[in-house]
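Novice:
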Amino acid sequence: MFCINCGNEIKDGSIFCTKCGGELVKSQKNKPKSKRPSKRKLLFVFTGLFIFTIGLYLLITIFYTPNNKNIDYDIASSVVNIYCEGEGEEESIGGSGTIFSEDGLVLTNAHIIPESAKDDIYIDDTLCLVILPDPYTGAPKEIYHAYPILDENFSDEYDIAFLQIHDVYYNEEEGKAYGEYPKKFPAYADKKRCGSDSVKLGEPIKVYGYPAISGGNALTITDGVVSSLLVDEGLIITSAKISYGNSGGLAVDQNGCMIGIPSMVTGDENESLGVIISNDLINEFIGKIQ
Numbered sequence: 000m001f002c003i004n005c006g007n008e009i010k011d012g013s014i015f016c017t018k019c020g021g022e023l024v025k026s027q028k029n030k031p032k033s034k035r036p037s038k039r040k041l042l043f044v045f046t047g048l049f050i051f052t053i054g055l056y057l058l059i060t061i062f063y064t065p066n067n068k069n070i071d072y073d074i075a076s077s078v079v080n081i082y083c084e085g086e087g088e089e090e091s092i093g094g095s096g097t098i099f100s101e102d103g104l105v106l107t108n109a110h111i112i113p114e115s116a117k118d119d120i121y122i123d124d125t126l127c128l129v130i131l132p133d134p135y136t137g138a139p140k141e142i143y144h145a146y147p148i149l150d151e152n153f154s155d156e157y158d159i160a161f162l163q164i165h166d167v168y169y170n171e172e173e174g175k176a177y178g179e180y181p182k183k184f185p186a187y188a189d190k191k192r193c194g195s196d197s198v199k200l201g202e203p204i205k206v207y208g209y210p211a212i213s214g215g216n217a218l219t220i221t222d223g224v225v226s227s228l229l230v231d232e233g234l235i236i237t238s239a240k241i242s243y244g245n246s247g248g249l250a251v252d253q254n255g256c257m258i259g260i261p262s263m264v265t266g267d268e269n270e271s272l273g274v275i276i277s278n279d280l281i282n283e284f285i286g287k288i289q
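For reference, each letter of the sequence shown is one residue, going 0 to 289 in numbering that gives the first Met the number 0.
(1) In chain order, what residues of the same chain lie with their CB nearer than 7 Å to the CB of Ser226, ignoring the 5 residues before and after it?
(2) What did DSSP end up calling Gly208 once you bin it into helix, strand or coil?
(3) Ile285 to His110, Cα distance in whole Å?
(4) Look at the Cβ atom of Ala217, then the Cβ atom of Gly244, and state whether they are nearer than 8 Å.
(5) Have a look at Gly103 and Ile164 and give me their C-alpha separation to the nearest angstrom.
(6) Quick one: what's Ser141 bridged to in DSSP?
(7) For Gly85, which residues from the same chain have a beta carbon less than 8 Å from its beta carbon, with the 5 sequence-adjacent residues on both sides left out?
(8) Restricting to Cα atoms, I'd like to know which of Asp279, Leu229, Asp189 and Glu232 is closest to Gly255.
(9) Looking at the secondary structure, which residues open and close the alpha helix (DSSP H) in which Ile288 lies?
(10) Going by DSSP in three states, Ala186 sits in which element: helix, strand or coil?
(11) Can you check the stretch 200-268 for any alpha helix (DSSP H) of at least 4 residues that lies completely inside it and give the ranges in chain order?
(12) Do Asn80 and Pro139 have their beta-carbon atoms positioned less than 8 Å apart in this structure?
(13) Could you check the C-alpha separation between Leu200 and Leu229 for me, to the nearest Å?
(14) In angstroms with no decimal places, state the Cα-to-Cα distance between Glu232 and Ile258.
(15) Here's the rule I'm using: 16 or more other beta-carbon atoms within 10 Å means buried, otherwise exposed. How should Ser277 be labelled?
(16) Return helix, strand or coil for Asn72, following the three-state DSSP convention.
(17) Quick check on Leu272: does DSSP put it in helix, strand or coil?
(18) For Ser242, count neighbouring C-beta atoms within 10 Å of its own C-beta (all shown protein chains included) and say buried if the count is 16 or more, exposed if not.
(19) Do Gly208 and Gly178 count as a contact pair if the criterion is CB distance below 8 Å?
(20) Which value, in whole angstroms, describes the spacing of the CA atoms of Ala75 and Thr136?
(21) Measuring only the C-alpha atoms, how far is Leu234 from Ile260?
(22) Which stretch, first to last residue, makes up the alpha helix (DSSP H) that contains Tyr180?
(23) Can you tell me which residues form a DSSP beta bridge with Thr97?
(24) Expressed to the nearest angstrom, what Euclidean distance is found between the alpha-carbon atoms of Asp155 and Ile53?
(25) I'd like the span of the beta strand (DSSP E) that includes Asp166, first residue to last.
(26) Which residues does DSSP pair with Tyr146 in a beta bridge?
(27) Three-state secondary structure (DSSP) at Ile53?
(28) Beta-carbon within less than 8 Å of Val105's beta-carbon, same chain only, minus the 5 sequence neighbours each way: which residues are those?
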């Protein structure tokens, strides 16, 4: 090492030159650079990590979260409110149903058809009204006339019947038709949602219908689980709320696949459970009447 003032050779580590007494200053290029990152660099790193995290979250949300909203709206549009007039006010009955064909064939319970109509079901083809909902709000949207179709041998035994929509309801006082006919009706599409898996104990389900406890006019959806499977009887017991007016509606699993028709309530003074007619029983009924 040499003195930068006089050029005298000095020992390493000396602070002053032994010849001229000058202070020794080390060259800047010999000073080690600081390894501490700058604040600006740290800001860029944290910003990049934040953007990456948000992007990853959005990617997972878009591609891996099931889109149940479209399924629910499709199902909701096919579940209808039913009102059938009997000979008197006491015999007039309300219930629910599901459109199963684009020409307006509706599946429902036989017990919502008035007894007086079962003797000659084609006397009055305005006997029943079928009310289609707005699938986004559940409010009534369109109204149609329908006549019941029952099998004299098996409808009461299985508690299953059909209604056929055949005309639009026209209010003469208002001068207004509540819909249009003929048209393609929003039929429930089972094949889009169903696999080969059977109904399992404890799996979550939804029930669609028009129960009186929610007013009876707006589509109502309740959640529950499969509480019990009565295989021999062809029935499913559920914790999902079912009450008067739900009869004839639709019960689906978590994928939107139909599992049966909500039909009645069973219980005691403390608790109640819903009863669903299973697909097996429905298919058995259809096989017998064909």
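For every residue, glycine included, the Cβ atom is placed at its ideal position computed from N, Cα and C. These numbers come from a predicted model, not from an experiment.
Specialist: Checking against the coordinates, here is how it stands:
(1) Here the question's residue 226 lines up with position 227 in the sequence shown. Cβ within range, chain order: Ile236, Thr237, Ser238 and Leu272.
(2) In the sequence shown, the residue the question calls residue 208 occupies position 209. Looking at Gly208 - three-state DSSP - the assignment turns out to be strand.
(3) The residue you call residue 285 lines up with position 286 of the sequence shown. The residue you call residue 110 lines up with position 111 of the sequence shown. About 17 Å.
(4) Numbered from its first residue, the sequence shown carries residue 217 at position 218. Numbered from its first residue, the sequence shown carries residue 244 at position 245. No, Cβ-Cβ distance for Ala217 and Gly244 is not below 8 Å.
(5) Taking the sequence shown and counting its residues from 1, one reaches residue 103 at position 104. Taking the sequence shown and counting its residues from 1, one reaches residue 164 at position 165. Computed Cα separation, rounded: 5 Å.
(6) As a first step, residue 141 must be located in the sequence shown, where it is residue number 142. It should be pointed out that residue 141 corresponds to Glu in this sequence rather than to Ser. For Glu141, the pairing in a beta bridge is given by DSSP as Leu131.
(7) Counting from one through the sequence shown, the residue named residue 85 turns up at place 86. Cβ neighbours of Gly85 within its own chain (closer than 8 Å, five residues either side excluded): Ser91, Ile92, Pro113, Glu114, Ser115 and Ala116.
(8) Counting from one through the sequence shown, the residue named residue 255 turns up at place 256. Residue Asp189 is the option with its Cα nearest to Gly255.
(9) On the sequence shown, position 289 is the one that residue 288 refers to. That run of the alpha helix (DSSP H) goes Asn278 to Ile288.
(10) Within the sequence shown, numbered from 1, the residue matching residue 186 stands at position 187. Ala186 falls in the coil class under three-state DSSP.
(11) Within the stretch 200-268, no run of alpha helix (DSSP H) reaches 4 residues while sitting entirely inside it.
(12) Position 140 of the sequence shown, counted from the start, is the residue given in the question as residue 139. Position 81 of the sequence shown, counted from the start, is the residue given in the question as residue 80. For the pair Pro139 and Asn80, the CB atoms are nearer than the 8 Å cut-off.
(13) On the sequence shown, position 201 is the one that residue 200 refers to. On the sequence shown, position 230 is the one that residue 229 refers to. Note on geometry: alpha-carbon atoms of Leu200 and Leu229 lie some 11 Å from one another.
(14) Residue numbering aside, residue 232 sits at position 233 when the sequence shown is read from its first letter. Residue numbering aside, residue 258 sits at position 259 when the sequence shown is read from its first letter. Approximately 15 Å between the Cα atoms of the pair.
(15) Reading the sequence shown from its first residue, position 278 is the one you call residue 277. Ser277 is buried by the Cβ-count criterion.
(16) The residue given as residue 72 occupies position 73 in the sequence shown. Reading off the sequence, residue 72 comes out as Tyr, not Asn. Three-state result, Tyr72: helix.
(17) Against the sequence shown, residue 272 aligns to sequence position 273. Residue state, collapsed to three classes: strand.
(18) For the purposes of this step, residue 242 is taken as the residue at position 243 of the sequence shown. Classification for Ser242: buried.
(19) Taking the first residue of the sequence shown as position 1, residue 178 is located at position 179. Taking the first residue of the sequence shown as position 1, residue 208 is located at position 209. Here Gly178 is not near Gly208, since their CB atoms are 8 Å or more apart.
(20) Position 76 of the sequence shown, counted from the first residue, corresponds to residue 75. Position 137 of the sequence shown, counted from the first residue, corresponds to residue 136. It is roughly 9 Å from the alpha-carbon of Ala75 to the alpha-carbon of Thr136.
(21) Translated into the one-based positions of the sequence shown, residue 234 becomes position 235. Translated into the one-based positions of the sequence shown, residue 260 becomes position 261. Straight-line Cα distance between these residues: approximately 10 Å.
(22) Within the sequence shown, residue 180 is the residue found at index 181, counting from 1. Per DSSP, Tyr180 is not a residue of any alpha helix (DSSP H), being assigned neither H nor E.
(23) Stepping through the sequence shown from its first residue, residue 97 is reached at position 98. Residue pairing by DSSP places Thr97 opposite Val78 and Leu106 in a beta bridge.
(24) Translated into positions along the sequence shown, residue 155 becomes position 156. Translated into positions along the sequence shown, residue 53 becomes position 54. Distance between the alpha carbons of Asp155 and Ile53: 58 Å.
(25) For this step, residue 166 is matched to residue 167 along the sequence shown. Looking at the DSSP string, the run of the beta strand (DSSP E) that includes Asp166 is Ala160 to Val167.
(26) Along the sequence shown, one-based indexing puts residue 146 at 147. Under DSSP, Tyr146 takes part in a beta bridge, and its partners are Gln163.
(27) Here residue 53 is taken as the residue at index 54 of the sequence shown, counted from 1. Three-state result, Ile53: helix.
(28) If you number the sequence shown from 1, residue 105 lands on position 106. The residues Val79, Ile81, Gly96, Thr97, Ile98, Phe99, Val129, Ala145, Phe161, Leu162, Gln163 and Ile164, in chain order, have a CB closer than 8 Å to that of Val105 in the same chain once the five nearest residues on each side in sequence are set aside.
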